[in-house]
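Worksheet: the structure to be examined is printed underneath.
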Amino acid sequence: MTVNYEKKQPFSSYESEYMDTLRTLFNENSQIEELRYFLNTIYRYFKPDNIKKRQPQVIVLGSSIPEELIYAAGAKPFWILGGSLGTVAWSDDLVPRDTDPVSRSMLGFLQNDHFDLGAAALIIVPITCDSSRKMAYLLRAAGKKVVTVDIPPDKSDPLAGLKWRDQMEQLAEKLADHTGRRLSKKNLLQATQLVETARKLMRDFIQVCRQKDGLISGALRMAVLNSYYYTTDLKGWCGHLRKLNLELLANRQVIPAATTSRPKVLLMGSPVVLPNYKIPFLIGDIGLTIGATLDSSIQKIYASSSQHKASKRDPFTAIIETHYRYDCSAAYAQNEILFQSARWHLEQGGIDGVVFHVLKGQIEYDFELERFEQLFGTATIPVFRLETDYQYQDVEQLRIRMEAFMEMLTHHRYREEKRAV
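So for the sequence shown, the UniProt record's numbering puts the first residue at 1; every next one is plus one.
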């Protein structure tokens, strides 16, 4: 179904939120035809009539599971990443109000009076924080079929790899029991090829956006990448992303200097996921550009198990070891991959400031903040800690603080340019 972007009376606060977000994204870049496919993919995922009919085989909470195993088992992962204020409200009676909004939103997707996504699904819950453990308990208590995955929090622990392998072998067994399809070598290799094709195209897309700076907004670039988690046809999605990359490369539109000269920020920390895009929209509204994003949902596109020494001989080992190596979720006592990735962005240049996004209740990211302030401080790049939740009442307050941050970046850039002369 194609999105109708005309203003309609919202069905609910849930529907109003995703439709408003999609409408804003469409109006920003309506001239690029191939982008419509990705907005329609997001629309079809959130549309209530579609969700009511959907009976996914496998549901994954968050992005910290190697999806190759799910595809190899003959299923398609139905990702639930949170991001919806509407589903947060649906979980009000289930969890304390100070629970982080991601967990509340995820739980609201699965426990509500409107639809039952988990009726026939195996629900995979990676344990990345205390809230995810509580969610798993609540879902089991509601009669859902749940499998938890404990993520060893210290990658330097000599036993971490063995613990992770044990968790993955248990998951593979439960997936095979649930779907009735064994995770054979052939199935694992085919799944790897599918997922890695998508990741390669996403990396190409990021590179094309750098080449065509200013052609599409940072928020829309994020939405295209986010749509990976909302498609029901990954092969078809890959075909459209390939077409989009070619369309962007062929575009001869002249971008005004005022657009390309805006200060660029690295948006990192708590993942920003659809439909709650108030932060990307706010960054664009005040005259900043999202030069890059760094979070657990984006970082995994750089993982390539086909480069692993065991990729052909033992694809299962290649998949699980590569995923664990590149995972930068909040599960880790010291998030070295997130730090290394931030340092890579620093070395690439082109970043004037950092917006460190922290969703209320996700204190795991605050533990890392000082290290990042020191890292970017070596290049005199300011770091702005932005704490919020999915509510929209704080937008004007955030705008005032963000505008002050933009002024700082502008003055800092002017001083640097003057010094260079």
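Every residue, glycine too, gets a C-beta built ideally from N, C-alpha and C. Only a predicted model underlies this, so the values are computations on that prediction, with no experimental measurement involved.
query: Backbone secondary structure at leucine 346 - three-state DSSP; result: helix
query: Inside the segment 229 to 283 only - beta strand (DSSP E) runs reaching at least 3 residues; result: 264 to 269
query: Backbone secondary structure at histidine 411 - three-state DSSP; result: helix
query: Residue 422 to lysine 212 span [Cα, whole Å]; result: Missing from the structure shown is residue 422; the chain here goes from 1 to 421 and no further.
query: Beta carbon of isoleucine 124 nearer than 8 Å to that of valine 95; result: no
query: Proximity below 8 Å, CB of tyrosine 365 to CB of asparagine 276; result: no
query: Cα-Cα separation, asparagine 4 to arginine 23; result: Because asparagine 4 carries a pLDDT of 48, less than 50, the predicted location of this residue cannot be relied on, and the following value inherits that uncertainty. Each residue's alpha carbon lies about 9 Å from the other.
query: CB of arginine 399 within 8 Å of CB of leucine 282, strictly; result: yes
query: Contact the segment 114 to 122 vs the segment 287 to 294: 3+ CB pairs below 8 Å; result: no
query: Three-state secondary structure assigned by DSSP to glycine 353; result: strand
query: Start-to-end residues for the alpha helix (DSSP H) that takes in phenylalanine 78; result: Run containing phenylalanine 78: none in the alpha helix (DSSP H); it sits in the beta strand (DSSP E), 77 to 80.
query: Sequence ranges, alpha helix (DSSP H) only - wholly within the segment 29 to 116, length at least 4; result: 35 to 46, 48 to 53, 67 to 72, 85 to 90, 101 to 110
query: Ranges of the beta strand (DSSP E) found wholly within the segment 374 to 414, counting only runs of at least 3; result: 383 to 388
query: Counterpart residues of valine 146 in DSSP-defined beta bridges; result: Ile123
query: Glutamate 169 versus phenylalanine 372 - alpha carbon distance; result: 35 Å
query: Contact set for serine 184: own chain, Cβ-Cβ below 8 Å, skip 5 residues either direction; result: Ala72
query: Backbone CA spacing between glycine 349 and glycine 62 [nearest angstrom]; result: 30 Å
query: Segment contact, 8 Å Cβ cut-off, at least three pairs: the segment 36 to 50 with the segment 98 to 107; result: no
query: At least 3 beta-carbon pairs within less than 8 Å: the segment 78 to 98 vs the segment 191 to 209; result: no
query: Alanine 191, buried or exposed, once every other Cβ within 10 Å from all chains shown has been counted against 16; result: buried
query: Enclosing alpha helix (DSSP H) for threonine 179 [first to last residue]; result: 160 to 179
query: Residue environment, lysine 186, which counts as buried when at least 16 other CB atoms sit within 10 Å; result: exposed
query: Backbone secondary structure at leucine 288 - three-state DSSP; result: coil
query: Rounded straight-line distance, which links the Cα of leucine 241 to that of leucine 249; result: 12 Å
query: Short Cβ contact (8 Å threshold) for valine 60 with tryptophan 90; result: no
query: Per DSSP, cross-strand counterpart(s) of leucine 359; result: Thr388
query: Rounded straight-line distance, which links the Cα of glutamate 336 to that of valine 195; result: 24 Å
query: Pair within 8 Å by beta-carbon distance, asparagine 226 and leucine 188; result: no
query: Exposure label - lysine 300; buried when at least 16 CB within 10 Å; result: buried
query: Backbone secondary structure at leucine 215 - three-state DSSP; result: coil
query: With 16 other Cβ atoms within 10 Å as the buried cut-off, status of phenylalanine 367; result: exposed
query: Extent of the continuous alpha helix (DSSP H) run through leucine 139; result: 130 to 141
query: Proximity to alanine 258 [Cα-Cα], best of Trp344, Gly214, Ala330, Val224; result: Gly214
query: Proximity test, Cβ basis, 8 Å: aspartate 49 and chain C; result: Within the model displayed, chain C is absent; a lone protein chain is all it includes.
query: Lysine 264 to alanine 342 span [Cα, whole Å]; result: 15 Å
query: Reduced DSSP category for leucine 183 - H, G, I as helix; E, B as strand; rest coil; result: coil
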